[in-house]
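Asks: Once you know that position 62 of the sequence shown is 62 in my numbering, the rest is easy, because the numbers rise by one and skip nothing. A virtual CB, placed ideally from N, CA and C, is assigned to each residue, including glycine.
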Amino acid sequence: MAGFFIFKFQFTNNFKVFNLKEITVKKGQILQRSGELNSKAYVVKSGLIRSYYIDEKGKEHIFMFGTEGWIISDYLGTDEPSVLFIDALEDSILEILEKKLKGEVKVNVAKIFKRVGVLQRRVIMLMSSSAIQRYEHFIETYPQIVQRVPQRMIASYLGITPEALSKVKGERNLKK
């Protein structure tokens with residue numbers, strides 16, 4: 001699953017290596033669809049955009065809003081398909097940050113994007129998954145630490161109580 005990042009972007013001339021191109025988009029225009037290969041980040045000069053995830057039940061989960069001075073994109077660290085949709089909520093002027101970065105900047109930015117991508121997957125999971133789905137994802141993501149950390153820490157990571165974790169583990173064992 002791809003990741004996503006958004007952060008406040010300071011407009012300075014120090015970002016010439018990023019090769020920004022300005023575009024104008026209309027309200028309702030979709031900039032990115034889930035499943036597309038992503039190679040762009042959108043810097044909002046004016047207007048409003050959003051990113052959102054649609055789960056397997058068709059429910060929409062808004063992930064972030066991007067207003068003036070913010071950047072919004074899918075995780076640029078891999079060639080995996082995007083997870084999120086990005087669209088314009090208002091007529092907007094955006095600058096496009098291309099994935100093609102140079103040298104040391106590319107390496108440093110890729111490391112940041114990778115970490116942010118992990119965080120995005122976690123937020124989407126917390127927004128749209130059941131406790132048992134979150135637990136199963138935890139086991140898949142961190143199989144090497146399931147037995148190494150206290151259950152209360154796993155419950156905290158999953159956003160549930162230790163008692164709820166015990167119930168989830170019991171339900172999971174019944175399914176096996």
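If His61 sits next to Ser128, beta carbons under 8 Å apart, how far is it from one beta carbon to the other, in whole angstroms?
Replies: Contact holds; Cβ gap of about 5 Å.
Asks: Just mark Arg152 as buried or exposed, buried being the case when its beta carbon has 16 or more other beta carbons within 10 Å.
Replies: When all chains shown are included, Arg152 counts as exposed.
Asks: Roughly how many whole angstroms lie between the Cα atoms of Val168 and Trp70?
Replies: So the two alpha carbons sit approximately 38 Å from each other.
Asks: Compare the C-alpha of Ser73 against each of Glu80, Thr67, Leu84 and name the closest.
Replies: It is Leu84 whose Cα lies nearest to the Cα of Ser73.
Asks: Is Ile86 near Ile23, with beta carbons less than 8 Å apart?
Replies: No, the Cβ-Cβ distance between Ile86 and Ile23 is not below 8 Å.
Asks: By how many angstroms is the C-alpha of Arg121 removed from the C-alpha of Leu31?
Replies: If I take the Cα positions, the gap works out to 20 Å.
Asks: Can you tell me whether Val107 is buried or exposed? The criterion is at least 16 other CB atoms within 10 Å of its CB, across all chains shown.
Replies: Any reading at Val107 must be qualified, since the residue scores a pLDDT of 49, below 50, and its modelled position is unreliable; the value itself is stated next. Val107 should be labelled exposed.
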